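Novice: One structure follows; several queries about it will come next.
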Amino acid sequence: MNNLPFWKSKTLAEMTAPEWESLCDGCGLCCLNKIEEWDSGDIYFTSVSCKLLDGQSCRCSSYGNRWDFVPDCVQLTKENVPDIAWLPPTCGYRLINEGRDLYWWHPLVSGDPETVHAAGISARGRTISETEIDIEDLEDYVVDWPLTVGEAKDEEEEEA
């Protein structure tokens with residue numbers, strides 16, 4: 336009998352729809368606007384969030400109907416996760432795809448959806464909605480914290 340949690344015993348492709356959805360840790364980082372340099376393909380995160388991101392819960396305020404409001408919203412699928420280079424390094428989908436485990440603060444591990452925020456991983460309190468800025472000024476909001484939020488946590492786990 337296999338007593339391992341599903342994210343340790345299944346690949347992304349083997350997961351059920353509810354298992355798949357539960358991999359989202361609720362950090363909100365994927366809902367930040369990004370800038371891609373056309374010539375290099377480099378991607379830069381900004382602190383500007385999608386208009387549908389609830390800044391407190393870090394969840395989409397209209398998840399089921401998001402394409403009605405944001406037609407270019409990227410849906411993560413079992414097929415495209417390996418090809419999405421901008422997924423944050425702490426993203427559960429990315430971690431499982433890379434054969435790594437979820438962090439202690441992930442709600443599936445901790446049992447509490449607030450631990451992602453308490454650990455300082457999420458976008459909570461760090462963003463401004465795209466409705467509040469001139470989109471021409473987006474480059475003024477480039478930040479690196481979405482790519483570094485897990486670094487201190489990685490170092491702590493290595494030292495333990």
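Mapping to the numbering used here: the sequence shown position 70 is 405, numbers consecutive.
In this text, a Cβ means the ideal position worked out from N, Cα and C, and glycines have one as well.
Only a predicted model underlies this, so the values are computations on that prediction, with no experimental measurement involved.
1) Any heavy atom of the ligand ZN inside 7 Å of the beta-carbon of Q391?
2) Tell me whether the stretch 362-371 and the stretch 383-398 touch, counting them as touching only if at least three CB pairs, one residue from each stretch, are closer than 8 Å.
3) Helix, strand or coil, according to DSSP, for C393 in the structure here?
4) Spatial neighbours of A453 within its chain, please: CB distance less than 8 Å, with the 5 preceding and 5 following residues excluded, ordered by chain position.
5) Figure out for me which residue from N400, I470, A458, L473 has the closest Cα to the Cα of T425.
6) Distance check for E467 and R429, CA to CA, integer angstroms please.
7) With which residues is T381 paired in a DSSP beta bridge?
8) Is there contact here, the stretch 435-450 with the stretch 337-349, by at least three beta-carbon pairs under 8 Å?
9) Does DSSP put N368 in a helix, a strand or coil?
10) When you compare only the Cα positions, how much space is there between P417 and N432?
11) Exposed or buried, what is G460 when buried is set at 16 or more other beta-carbons lying within 10 Å of its beta-carbon?
12) Taking the continuous alpha helix (DSSP H) assigned at R429, which residues delimit it?
13) Just to confirm before moving on: does the CB-CB distance between K413 and A352 stay below 8 Å?
Specialist: On the basis of the data shown:
1) You won't find the ligand ZN in this model; it holds no ligand whatsoever.
2) For the pair of segments examined, the stretch 362-371 was found to touch the stretch 383-398: the number of CB pairs separated by less than 8 Å reaches three.
3) Coil, per DSSP.
4) Closer than 8 Å at the Cβ level, and outside the excluded window around A453, lie W440.
5) From the listed residues N400, I470, A458, L473, the smallest Cα separation to T425 is found for A458.
6) Computed Cα separation, rounded: 30 Å.
7) Per DSSP, V477.
8) With contact defined as three or more Cβ pairs closer than 8 Å, the stretch 435-450 and the stretch 337-349 are in contact.
9) In the structure shown, N368 adopts extended strand secondary structure according to DSSP, grouped into three states.
10) Approximately 7 Å, taken between the alpha carbons.
11) Burial call: exposed.
12) Element bounds for R429: 427-432.
13) Their beta carbons are not under 8 Å apart, which means K413 does not touch A352 by this criterion.
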